[in-house]
Amino acid sequence: MPTPPYRQIADELRRQILSGELGAGEKVPSENALALQHGVAPETARAALGVLAAEGLTEARRGSGTRVRDFKPILRRGTKRLAQSGWGEGRSIWEADLDGRPLTTDRVTVEELPCPAHIARALDLEADAPVWVRDRRYLVEDQPVMLATSYLPAVIVAGSPITEPDTGPGGTYARLADLGHKPVHFREVARARMPLPDEAEALALGKGTPVVLIVRYAYAAGGLPVEVNEMTLDASRYLMEWEFPA
C-alpha cells in the first residue's frame, strides 16, 4: 500500500532532524506552512507533526511553536551522587550531576502526615503512623526537571531541620547522620511510563515525552529504613549512569 501523505511528511522531517539539517532547538515548519509546501490539508500536516512528537523528536512549547527537542542531558550518576564523601562533607548530592549548572527548587512543602500504606510497609511502620513528607520540584537552568516526595519517620526526624524547608549543608542525609541515623545503604528502583496530566503540567513536558519514576530507599545501620523518596524525572533531560567495581 502507498505511504499515507502524513507519513511521507513525517519521514522527510525526521530525516532533516536526524541529519542535523534541522538542529536542536530550531523551529519546525508550522501546520499551515507544511500544508502549503506539500499541497495537503492542515489536518494532514497536523498528523505528521503528531508523529514526530510521539517519537520524542519535537516538542511544542506554548508561545514558541514546535521545535526540535533540545537535548542537554543531566548525567545522573547513580552511585557517585549518593556517596558519603559528598553529603557527608556538606555538599548537595546534585553536585555530582550538574557540573556547575544552576539548581533551584520551588513548590516546597514540608508537613507531618499519616503514612500512606505502601510507604508504611517500606519504612516498617504501622499504617497511618506519622511521617514527615518533603515535597518539591527541582529546576536546572530554570527548567523543571524532576518532582520529588520524601517520607521520613516522625519518630526519627521530629524537631530536626529535616522538618524545615531548608535542611542545611549536605541536605537530608547529613541531618540524618546528625541524628545518629546515618544512611549506610541505598536501593533504587526505576521504571518508565507516560506522565499523568498533573506531572506533565508541573514538568512542562512536550507532547510524547515520557517520565522515569525512581524510588530510593535509604537505610541506616542494622537495616533501619530512614527514608523513601519517590522521584518523577523528565526522561528527555536525563542520562543515567551507574559505575561500580567488577
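Here the UniProt record's numbering is used: position 133 in the sequence shown is 133, and no number is missing along the way. Here a beta-carbon is modelled for each residue, glycine too, at the ideal position from N, C-alpha and C.
C-alpha of L139 to C-alpha of P165: approximately 16 Å in a straight line. In this structure, M231 lies near M146, with their beta-carbon atoms less than 7 Å apart.
When C-beta atoms of the segment 108-116 are compared with those of the segment 48-67, fewer than three pairs fall below 8 Å, so the two segments do not count as touching. Rounded to the nearest angstrom, the gap between the Cα atoms of A45 and I156 is 58 Å. CA-to-CA, the gap between P4 and E21 works out to about 24 Å. Note: Y238 is bridge-paired with I74 in the DSSP secondary-structure output. When C-alpha distances from Q84 are compared across F244, A200 and V184, the shortest belongs to V184. Inclusion of A190 and I162 in the CB contact set at 7 Å is not warranted, their separation being larger than that value. For E43, there is no enclosing beta strand (DSSP E); the enclosing alpha helix (DSSP H) has its first and last residue at P42 to A54. Just measuring C-alpha positions, the residue of A96, P73 and L75 sitting nearest L82 is A96.
D198 counts as exposed, since fewer than 16 other beta carbons sit within 10 angstroms of its beta carbon. N229 is positioned such that its CB atom lies no closer than 7 Å to that of R237. According to the DSSP assignment, G159 belongs to no beta strand (DSSP E), since it is labelled neither H nor E.
Nearest neighbour of G223 by Cα position, chosen from A246, F186, D234 and Q8, turns out to be F186.
Your pair D234 and L196 does not check out as a contact, with CB atoms roughly 13 Å apart and the cut at 8 Å. With contacts defined by Cβ atoms closer than 7 Å, I74 and A48 do not form a contacting pair. Cβ contact annotation for Y6 (same chain, cutoff 6 Å, sequence separation greater than five): T44, A47 and A48, in chain order. Between G206 and G180, the alpha-carbon positions lie close to 44 Å from each other. A120 and A148 have their alpha carbons spaced roughly 18 Å apart. When beta bridges are read from the DSSP output, P130 appears opposite P114. Just so you know, the alpha carbons of A246 and G23 end up roughly 39 Å apart. Within the same chain, and ignoring the five residues on either side of G170 in sequence, the residues whose Cβ sits closer than 6 Å to its Cβ are W87 and G90. If you check the CB distance, R175 and S160 come in under 7 Å.
Out of Y219, S150, G208 and A154, the CA that lies nearest to the CA of A177 is found in Y219.
The alpha-carbon of I93 is positioned some 10 Å away from that of T79. By the C-beta density criterion, E141 is exposed, having fewer than 16 other C-beta atoms within 10 angstroms.
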